[in-house]
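In my numbering, the protein residues as written are 49 to 284.
Don't be surprised by glycine CBs; every beta carbon is placed ideally from N, CA and C.
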């Protein structure tokens, strides 16, 4: 296989010059890294892609309802998406849910308030009952002493400064709601009196107390101890 050599205008073989390509990545004079030659010139494929994009950018806009290829655009129903006729129905539905939640919360709050009010009333009744039971126990413990003091007063044995202390004792009991009762001449009441003896009498028209053997004690409407009495009944 022969290699042809170039000739000059005189027909003599032309001298070929020596060519050298410096492929070093670092410039020996500046010390900077050289950019590769491939990056300096865009590739043919990239240039064609750029020209195609520019051509598409300059194309005329498509009409409404058509895709970029000129075909009719897909409808929402074709994609399985349901759009309500009235878009405001969505907001009304959410508002209805909020109103229902608010009504439920209000109902719960009212129920809690009612339960708390009932709890307070029940606690108040229990407190009053406990206070009343305490007063009853104290009064029951004092009853024998109070009976003797009353008998001594009726006999005239309570005089001087001691009489004032006795009066103050009964006043204190009255302030606490405790009352000692049972007097001669009262109409007999089986609800508050206990008849230990009974005698006929022409002087009375209805059963009447003529003797108080032991006084009774009550706190408000509650009878702590019935008065033990003797009763005169009308004579036949």
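Endpoints, beta strand (DSSP E) assigned at residue i
{"i": "residue 276", "result": "275-282"}
{"i": "residue 227", "result": "226-229"}
{"i": "residue 242", "result": "241-249"}
{"i": "residue 214", "result": "Looking at the DSSP string, residue 214 is not in any beta strand (DSSP E); the run it does join, the alpha helix (DSSP H), is 209-223."}
{"i": "residue 256", "result": "256-262"}
Assumed close pair residue i, residue j - CB separation to whole angstroms, cut-off 8 Å
{"i": "residue 263", "j": "residue 229", "result": "6 Å"}
{"i": "residue 197", "j": "residue 214", "result": "6 Å"}
{"i": "residue 282", "j": "residue 235", "result": "Contact flag wrong, Cβ pair sits at about 12 Å."}
Member of the options whose CA lies at the smallest distance from the CA of residue i
{"i": "residue 239", "options": "277, 226, 205 and 249", "result": "277"}
{"i": "residue 257", "options": "148, 167, 211 and 275", "result": "275"}
{"i": "residue 188", "options": "174, 272 and 71", "result": "272"}
{"i": "residue 285", "options": "248, 269 and 267", "result": "Because the chain in this structure spans residues 49 to 284, residue 285 falls outside the shown range and cannot be described."}
{"i": "residue 18", "options": "175, 268, 76 and 161", "result": "What the structure shows of the chain is the stretch from 49 to 284, and residue 18 is not part of that stretch, so it cannot be assessed."}
{"i": "residue 181", "options": "270, 77 and 195", "result": "270"}
Test item: CB-CB of residue i and residue j under 8 Å
{"i": "residue 232", "j": "residue 206", "result": "no"}
{"i": "residue 341", "j": "residue 227", "result": "No answer is possible for residue 341: it lies beyond the span of the chain, which begins at 49 and ends at 284."}
Bounding residues of the alpha helix (DSSP H) (the contiguous stretch that carries residue i)
{"i": "residue 235", "result": "That residue, residue 235, is in no alpha helix (DSSP H); it is neither H nor E in DSSP."}
{"i": "residue 252", "result": "No alpha helix (DSSP H) holds residue 252; DSSP gives it neither H nor E."}
Status (buried if at least 16 other CB within 10 Å, exposed otherwise) for residue i
{"i": "residue 167", "result": "exposed"}
{"i": "residue 106", "result": "Note that residue 106 scores 48 on pLDDT, short of 50, meaning its location in the model is unreliable; the coordinates nonetheless yield the value given after this. Exposed is the call here."}
{"i": "residue 241", "result": "buried"}
{"i": "residue 221", "result": "buried"}
Cβ-heavy atom distance, residue i to the ligand GDP, below 7 Å
{"i": "residue 266", "result": "Judged by which ligands are present, the structure shown has none, so any question about the ligand GDP falls away."}
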